[in-house]
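The number in this note's numbering is simply the position in the sequence shown, starting from 1, with 9 added. Built from N, CA and C at the ideal position, the CB exists for glycine as well. This one's a predicted model, so the numbers in the text were calculated from it and none came from an experiment. I have placed the structure first, in the form of structure tokens, so that the comments after it can refer back to it.
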Amino acid sequence: MRLSCQLFTTLREDPADAEVRSHALLARAGFLHKLAAGIYVYGPMLKRVLAKIEAIIREEHASAGYQELLMPAIQPRELWEESGRWERYTSDGILFHMADRKGSEICLGPTHEEVVTDFVRRRIQSHKQLPIHLFQVQTKFRDEIRPRFGLMRGREFIMKDAYSFDASSEAMAESYATMRGVYERIFSRCGLRFTAVQADSGAIGGAASEEFMVDAETGEDAIAVCHATGYAANLERAVSRIPTPPETPDKVDMHKESTPGAKSCDDLVALFPNLPLERMLKTVLYKAQWADKDGVVAVLCRGDREVNEVKLINHLDALHLELADEKTVAETSGAAPGFAGPVGLGEDIRLLADASVEGVHGFLCGANETDVHLLDVWFGRDLEQPETLDLGMVQEGDSTLEGDGTLEITRGIEVGHIFQLGTKYSESMEAYFTDENQARQPLWMGCYGLGVSRTAAAAVEQGHDENGMIWPLPIAPYSVALLQLKPGDEAQDSLAESIHEKLEAAGIDVLWDDRPKLSPGARFKDADLVGLPLRIVVGRDAPDGRVEWSLRSGGDSEVVDAEEAIARAVAACEEKES
Ligand code: ATP
Ligand code: MG
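Below is the structure:
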């Protein structure tokens with residue numbers, strides 16, 4: 010493809026709203042054009058990347074026996090009422106919904122469990138028709154609270170979603186295991202470094218679930234990993250062995266301490282230099298909301314640990330959870346923020362404790378009185394130990410639960426999420442089949458999402474340098490950048506043309522920068538920005554049939570015969586295929 014025939018423009022500056030490199034570079038290279046918050050035009054170069062990712066996805070799904078279909082983006086409210094998700098998704102604000110001209114409510118699909126369940130329930134009668142494996146590549150719509158990072162968190166984005174329907178929970182687990190393998194192959198074939206982690210199931214619901222995380226410092230998700238044991242989990246649900254509590258002090262009476270202005274653990278450490286942080290317990294107040302009520306929940310947690318709000322909301326089975334505001338803190342504890350404590354907290358407040366408080370005695374905690382704390386507080390003597398369970402955040406350096414390894418916290422970008430849904434949707438939506446004994450049974454379902462557009466952004470987040478993007482060969486918009494330094498020069502024209510022709514004949518996609526009147530510096534700058542993995546430069550050695558060969562990922566360039574450069578490109582592309 011000749012670049013001179015294409016719409017190709019680059020920006021000198023990063024867009025003002027670009028917080029991560031992938032967003033800035035994709036926008037500067039013209040891959041991405043912002044239309045509104047979280048809504049983008051995918052330019053021709055990006056479309057090629059997406060097409061390559063989708064091709065890999067289609068091949069791998071087909072080999073696993075998945076059939077492709079296409080479900081509508083517009084979905085009727087009634088289906089979402091059947092599954093019971095309309096209320097939750099509208100109260101969350103994530104759902105784009107509207108009324109049509111007849112007044113019927115419809116939404117733009119944020120996901121397709123309801124639609125696929127409806128499709129399947131109308132076709133399935135017997136266990137003999139199972140399993141069923143379906144997938145689609147579709148645009149999804151989510152009115153995200155914070156659309157950001159360009160393609161990473163869009164309000165309109167491309168997802169591959171697959172669904173399995175089985176006759177038993179064992180068969181569902183098998184479908185799930187197969188899909189796990191499919192995901193591993195897809196991301197490996199895309200040329201990405203990734204980690205599969207245990208995940209929280211969130212609003213989609215269901216039991217087992219794993220996320221596929223592209224390793225990247227800038228990722229929104231924190232992950233706890235242990236290299237010794239292979240344990241890996243999203244921090245949202247990671248578990249660890251909590252480090253032993255500090256030594257127990259002599260038993261003296263609980264008493265008040267004046268702590269003016271000491272709202273945080275740091276302030277308290279300064280006031281009580283001899284008291285270990287582990288013996289200071291904080292009381293974190295939350296406002297929780299259920300379908301039929303709201304209330305305040307207090308969580309007691311060791312000073313050196315943090316509360317994990319995902320574990321908390323799951324335990325409470327609440328719809329929504331947020332830190333209590335100043336007014337609520339004042340109403341519930343009678344004090345300014347920072348001084349709430351478990352002793353004498355209002356009756357109507359549900360008090361829970363994180364497992365980190367286990368075995369901590371003679372501790373310091375808020376006194377429910379501004380500028381006052383209580384010291385030498387003992388469970389069993391000064392208050393009953395509240396219901397205690399794991400509600401804490403794992404920390405760097407914690408031991409694994411079994412104590413056989415150490416956890417490290419890294420970051421990643423979630424590009425895929427696979428779930429065993431069980432019978433959640435089939436029961437609520439009455440998707441049944443008859444088994445061998447003519448008994449009516451709910452279908453066992455799995456669902457498997459993969460962010461296609463987010464994967465493209467994640468590849469850039471993982472592959473870039475100060476000059477631009479560095480695409481992995483399998484998903485690069487073109488494999489080869491053919492730079493002709495002086496279009497119009499006869500020797501260069503004919504050599505570049507023949508290389509272009511031979512590469513295309515070998516089935517290699519090549520972008521020939523033949524734009525007239527451009528300095529070599531500007532041409533190299535654009536090539537670095539766009540980041541095609543293999544590079545052939547036709548310049549002053551053209552009369553000898555020689556070119557410069559280099560890789561965008563680094564290393565020195567070499568002057569070689571044009572034929573040798575073509576052979577190297579062919580070899581690199583063949584290796585990618587294997
Ligand atoms: P997140 O926690 O990042 O919001 P999610 O748990 O809502 O993701 P799923 O509902 O499991 O995501 O969707 C499947 C996949 O779709 C995700 O793994 C991710 O790759 C992609 N995805 C989800 N939301 C977005 C978005 N707003 N923009 C781009 N891709 C997205
Ligand atoms: Mg989400």
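Remark: C-beta atoms of S462 and G118 do not approach each other more closely than 9 Å. Cβ neighbours of G414 within its own chain (closer than 8 Å, five residues either side excluded): C235, H236, A237, T238, Y240 and S408. Residues of the same chain with a CB within less than 7 Å of the CB of A180, apart from the 5 flanking positions on each side, are P140 and W453 in chain order. The DSSP-derived three-state label of L360 is strand. Going by DSSP, H264 is part of no alpha helix (DSSP H) but of the beta strand (DSSP E) stretching over H264 to S267. Within the same chain, Q501, A505, D523 and V547 come within 6 Å of Q493 by CB-CB distance, once the 5 residues on both sides are set aside. Under the DSSP assignment, A531 falls outside any beta strand (DSSP E), being part of the alpha helix (DSSP H) whose first and last residues are P529 to V539. By the neighbour-count criterion, in which a residue is buried when 16 or more other Cβ atoms sit within 10 angstroms of its Cβ, T341 is buried. As the crow flies, the alpha-carbon of E28 is around 12 Å from that of A36. In the DSSP annotation of this structure, F150 is not part of any alpha helix (DSSP H); the continuous beta strand (DSSP E) holding it starts and ends at I141 to F150. The beta carbons of I517 and V539 sit no closer together than 9 Å. Taken through DSSP and simplified to helix, strand or coil, H121 comes out as coil. Residues L143 and Q145 of the same chain have their beta carbon placed closer than 6 Å to that of L78, with the five preceding and five following residues left out of the count. By the C-beta criterion, the stretch 433–443 is judged not to be in contact with the stretch 273–288, since fewer than 3 inter-stretch pairs fall below 8 Å. For A307, the closest of A467, E68, T464 and E396 by C-alpha to C-alpha distance is E396. Between the stretch 290–298 and the stretch 364–381, the count of C-beta pairs closer than 8 Å reaches three or more; the two stretches touch. When beta bridges are read from the DSSP output, C374 appears opposite L383. Every beta strand (DSSP E) stretch that sits fully inside the stretch 469–505 and reaches 3 residues is listed by chain position as 489–493. Counting only the Cα atoms, E123 lies some 20 Å from R449. Between S13 and L160, the CB-CB gap reaches or exceeds 9 Å. Just so you know, the alpha carbons of D259 and D313 end up roughly 22 Å apart. For R202, the closest of M402, L59, V424 and V58 by C-alpha to C-alpha distance is V424. Here S173 carries a strand assignment [DSSP, helix/strand/coil].
Under DSSP, the beta-bridge partners assigned to Q429 are G455. Counting along the chain, H329 sits inside the beta strand (DSSP E) bounded by residues H329 to L332. Membership of H106 in the beta strand (DSSP E) is indicated by the continuous run F105 to A108. The closest heavy atom of ligand 1 lies less than 8 Å from the beta carbon of L160.
Checking the 8 Å criterion, the Cβ of H426 is within range of a heavy atom belonging to ligand 1. Of the candidates H509, P525, A514 and A531, H509 places its Cα closest to the Cα of V556. Residues of the same chain with a CB within less than 7 Å of the CB of P451, apart from the 5 flanking positions on each side, are T432, S435, E436, A440 and Y441 in chain order.
In this structure the stretch 44–57 touches the stretch 477–488; the number of beta carbon pairs closer than 8 Å is three or more. Cβ contact annotation for M10 (same chain, cutoff 8 Å, sequence separation greater than five): Y487, D518, V519, L520 and W521, in chain order. For L88, the three-state secondary structure derived from DSSP is helix.
By the C-beta criterion, the stretch 55–74 is judged to be in contact with the stretch 187–207, since at least 3 inter-stretch pairs fall below 8 Å. Boundaries of the alpha helix (DSSP H) harbouring L59: P53 to S72, taken from the DSSP string. Listed in chain order, the non-local C-beta contacts of A515 below 7 Å within the same chain comprise V579, local neighbours out to five positions each way being set aside.
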